[in-house]
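Chemist: Here it is, the structure in full.
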Amino acid sequence: PLSAAILSFLRYCQPEKIIIVNDGTLSAEDLEFLSSMIGPIEFRAIDEFRLPGLPKGGCWERIVAISEYGKEKYVMQLDADTLFMSRPDDIVDSIKEKRSFCLPTISGITTCDFTTAESFARAMVSIGGDFIQYDLEMSLKAIFGDVEIKYIRACAGLAGYATGIITYEKLLEISNKCK
């Protein structure tokens, strides 16, 4: 599926570099196959993105990789289960303009205040929703207080990150507040 996801994207956009963070599920044969299908790829082991003070697993290593590569370049995250059946105009435009973007979740909400995020999460939990994102969303006000920032509720499987928008220091600050 990963080669299909990347190839479907490459029909519409040619990134400067393709980096795959291998969580250990890709074998040497898989890496060779991907390289033969796609061309030059930089493969990195997930352990390279495990940093002191940050949790392991989930999306943490992926977001650390984005922060590393995003210091000087625009970065796009693409999960293996993402296929482009037609030209994603908004995404291509965002990439050209080096503008951040995200894929909305089932809620349809992309940016909101903490109260809206909490209300949605509570509604989902009340009907049996069991997802770590809901736990965090129900705790945003307790963690961050009444700050005037927007929460981005989105799917991490397809997102673009403007240069410098995520830093290790910011990740560490958020992780520490969530403990």
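Per the numbering used here, the sequence shown starts with residue 109, numbered consecutively.
For glycine and all other residues, C-beta sits at the position ideal for the given N, C-alpha and C.
#1: Are the Cβ atoms of Ser-251 and Cys-220 separated by less than 8 Å?
#2: Are the stretch 118 to 136 and the stretch 208 to 223 touching by the rule of at least three beta carbon pairs closer than 8 Å?
#3: With 16 as the cutoff for other CB atoms within 10 Å, does Leu-142 come out buried or exposed?
#4: Candidates Lys-249, Phe-209, Asp-201: which alpha carbon is nearest Gln-185's?
#5: Taking DSSP's pairing of strands, which residues face Gln-185 in a bridge?
#6: Taking only the alpha-carbon atoms, compute the straight-line gap between Gly-272 and Lys-125 and give it to the nearest angstrom.
#7: Please classify Phe-239 as buried or exposed, where buried requires at least 16 neighbouring CB atoms within 10 angstroms.
#8: Using CA atoms only, rank isn't needed, just tell me which of Lys-258, Tyr-276, Asp-198, Met-145 is closest to Tyr-177.
Modeler: Result, derived from the coordinates:
#1: One-based indexing of the sequence shown puts residue 251 at position 143. One-based indexing of the sequence shown puts residue 220 at position 112. Checking the sequence, you will find Ile at residue 251 rather than Ser. Not closer than 8 Å, so no.
#2: no
#3: As a first step, residue 142 must be located in the sequence shown, where it is residue number 34. Burial call: buried.
#4: Sequence index remark: in the sequence shown, residue 185 carries index 77 (1-based). It is Phe-209.
#5: On the sequence shown, position 77 is the one that residue 185 refers to. Gln-185 pairs with Ala-267.
#6: Counting from one through the sequence shown, the residue named residue 272 turns up at place 164. Counting from one through the sequence shown, the residue named residue 125 turns up at place 17. Between Gly-272 and Lys-125, the C-alpha separation is close to 17 Å.
#7: Position 131 of the sequence shown, counted from the first residue, corresponds to residue 239. Exposed, since its Cβ has fewer than 16 Cβ neighbours within 10 Å.
#8: Within the sequence shown, numbered from 1, the residue matching residue 177 stands at position 69. Checked all of Lys-258, Tyr-276, Asp-198, Met-145; the closest Cα to Tyr-177 is Tyr-276.
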